[in-house]
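In UniProt numbering, the protein residues as written are 1 to 432.
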Amino acid sequence: MGRQGDVESVSRSGHRPGSPELEPSPYIRHGTPVFRRTNLALFAAGVATFGLLYCTQPLMPEFSRVYGVSAATAALSLSLTTGVLAFAMLFAGGVSDALGRKSVMTASLLSSAVLVLLTALVPDWHMLLVLRALLGLTLSGLPAVAMTYLSEEMHPESIGLGMGLYISGNAIGGMGGRLVAGVLADFAGWRIGVAAVGMIGLVSGVIFWLSLPPSRHHVRHPLHLGALLGRFTLTFRDAGLPWLFAEGFLLLGAFVTIYNYIGYHLLAPPYGLSQAAVGGIFSVYLIGTFSSAWMGHLAGKLGRRKVLWTAFALMLLGVGLSMTRPLALIILGIVAITFGFFGGHSIASSWVGRRAGIAKAQASSMYLFSYYMGSSLAGAGGGLFYASYGWSGVALFVAALVVAGLLVAWHLYHLPPLPGPPSPGTEPPIPQ
């Protein structure tokens, strides 16, 4: 055992500590200053990522009005971004293997903020879509690499809480981006709202750059296509990882579809809410800051397989409430969906890191590829259900996605745990 304090030393080699080249590798534990610095940085990254990505979601009805496009076409302002993001993230992990985790994430955040600022200036719909597609490319350097960084640097007992706190930053960003853009659209126009979100992203990127500790466990590898494909292949040989990838698709697909079209539902009769009021409803995102950290920590104590299914059950309850008539029950349903989504994502994403072995970057990339493809495909597909059947069609479509997620969670519940116990000097086991 090495030094105590900021980190816990965990020897990976079995060599006697003492000489610098054989000093045990330190892992970050909760309750330490370096843990707080790491989570400040990744919280800021989460704020920026989800804020920049989802700031157009509450503006979709406004895009329909200003540019004369349908709900499904307006949804391309998000679906196009997440589709490009999904494919680009397949390579982001390999790029970070070669160039380093922190440098790739910093460049990703700052360039993405600049693109969103430019989006506020574009004159027409097609140019807006071009910049939103480029945003998917630049943002790809953050989510998968952040998951990899946490799985490499965090102590096994702390990774659930660390991942949960990072995802709570996503929740703040998702809420802030939607709320700022939606409310300012009512009072100053959508361009001012988007520009404000871009400035928040720029400040968050600087905080990230100044706060994140350098990697201690990452060993750079040259970017070699054959080796990269080999590590991707490893992820599909695991009994659990492909099912966790499916959960990512279903989680974000269901969640984004609800948020894409709830604005259309509540702006129309009998509710007739204003754009600012609909933007205010997105403040329920704050529940995600609690649920992601709480459910992630709970899963770390009780085992992920015992907690994951409850997230989908809660989402299903929320979908049912969203189909009722009273506005209060609809809002309560959105709260339940949000709570379940962030909790489920926290559990599934940290589980991917634990099962991935040496292919952590590629497993994170595959999980987030599936995750954002769920947003792109289900988010756009929901528009077809809305056009044909209204809100009831959207809710039933989402209910089918959530039921599928429950079935996958049931399968994962019966999955054999990872082999153990580990040999002396390696990471201690945690509940699977």
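Beta carbons are placed, not taken as given, at the ideal position from N, Cα and C, and that holds for glycine.
Answer yes or no: do residue i and residue j have a C-beta to C-beta separation smaller than 8 Å?
| i | j | result |
| --- | --- | --- |
| G182 | F282 | yes |
| A378 | L401 | yes |
| T235 | L241 | yes |
| R101 | T119 | no |
| S108 | T82 | no |
| S364 | A98 | no |
| M105 | S346 | no |
| S376 | S79 | yes |
| L327 | L321 | no |
| M315 | F290 | no |
| L52 | V197 | yes |
| L110 | G205 | yes |
| A113 | A72 | no |
| Y367 | F187 | no |
| M60 | G390 | no |
| G318 | A336 | yes |
| S140 | A92 | yes |
| A74 | L250 | no |
| M323 | A311 | no |
| T38 | L266 | no |
| I200 | G176 | yes |
| residue 442 | C55 | This structure gives no information on residue 442, because the portion of the chain shown stretches from 1 to 432. |
| L407 | A313 | no |
| P26 | R191 | no |
From the DSSP output, which residues share a beta bridge with residue i?
| i | result |
| --- | --- |
| M154 | I28 |
Where does residue i sit, in a helix, a strand or coil, going by DSSP?
| i | result |
| --- | --- |
| H126 | helix |
| L53 | helix |
| Y371 | helix |
| G253 | helix |
| R16 | Its pLDDT being 38, under 50, R16 is placed unreliably by the model, and the measurement read from it follows with that caveat. Note: R16 maps to coil in three-state DSSP. |
| G303 | coil |
| D238 | coil |
| V69 | coil |
| L99 | helix |
| H414 | coil |
| S274 | coil |
| G420 | With a pLDDT of only 47 at G420, under 50, the local geometry of the prediction cannot be trusted, and no value is derived from it. |
| S291 | helix |
| T324 | coil |
| L142 | coil |
| A61 | A small fix is needed here, since residue 61 is Pro in this sequence, not Ala. In this structure, P61 counts as helix in the three-state DSSP scheme. |
| A356 | coil |
| G189 | coil |
| L384 | helix |
| R37 | helix |
| S215 | coil |
| A195 | helix |
| W311 | Correcting the residue type first, residue 311 is Ala in the shown sequence and not Trp. The answer is helix: DSSP assigns A311 an H, G or I state. |
| E8 | At E8, the pLDDT of 40 sits below 50, so the modelled position is not reliable and the matter cannot be decided from this model. |
| E23 | Because the pLDDT at E23 is just 42, under 50, the model does not fix this residue reliably, and the point stays unresolved. |
| A120 | coil |
| A246 | helix |
What residue from the options has the CA that sits closest to residue i's CA?
| i | options | result |
| --- | --- | --- |
| K301 | Y259, G272, T324, W351 | W351 |
| A254 | F397, L131, S322 | F397 |
| Y371 | S388, I334, L252, L327 | L252 |
| G174 | G46, Y367, P213, M323 | G46 |
| G383 | G189, S64, L40 | S64 |
| A146 | G193, L40, L308, H265 | L40 |
| R304 | L161, I200, I207 | L161 |
| G333 | V284, M295, A356, R355 | V284 |
| G31 | H155, Q275, G374 | H155 |
| E247 | G68, G344, E62, W125 | G344 |
| S96 | G381, Y67, Y386, A359 | A359 |
| I167 | G189, L142, P26 | L142 |
| G44 | V203, W125, I192 | First, the amino acid is wrong: residue 44 is Ala here, not Gly. Closest option to A44, Cα to Cα, is V203. |
| A380 | R36, G189, N260 | N260 |
| P416 | P269, K306, V180, F87 | K306 |
| W125 | G94, E62, Y386 | E62 |
| P269 | G193, F87, R325 | R325 |
| residue 457 | Y386, W243, A387, I331 | Nothing about residue 457 can be reported from this structure: the residues present for the chain run from 1 to 432 only. |
Give me the Cβ distance between residue i and residue j, rounded to the nearest whole Å; I'm assuming they're in contact under 8 Å.
| i | j | result |
| --- | --- | --- |
| T148 | A293 | Not a contact, Cβ separation roughly 20 Å. |
| V122 | L135 | Going by Cβ atoms, the distance from V122 to L135 rounds to 12 Å, so no, they are not a contact pair. |
| I28 | E153 | 5 Å |
| V84 | T257 | In fact, because the Cβ distance is near 19 Å, the residues do not count as touching under 8 Å. |
| P33 | G279 | Contact doesn't hold; Cβ gap of about 37 Å is too wide. |
| residue 447 | L42 | Because the chain in this structure spans residues 1 to 432, residue 447 falls outside the shown range and cannot be described. |
| M89 | F369 | 6 Å |
| A195 | W309 | Actually they are not in contact, since the Cβ atoms of A195 and W309 sit about 42 Å apart, beyond 8 Å. |
| I159 | G353 | 6 Å |
| G288 | T338 | 6 Å |
For residue i, decide whether its Cβ has a neighbour in chain D, counting only Cβ atoms nearer than 8 Å.
| i | result |
| --- | --- |
| F282 | Absence of chain D from the displayed structure is noted, only one protein chain being present. |
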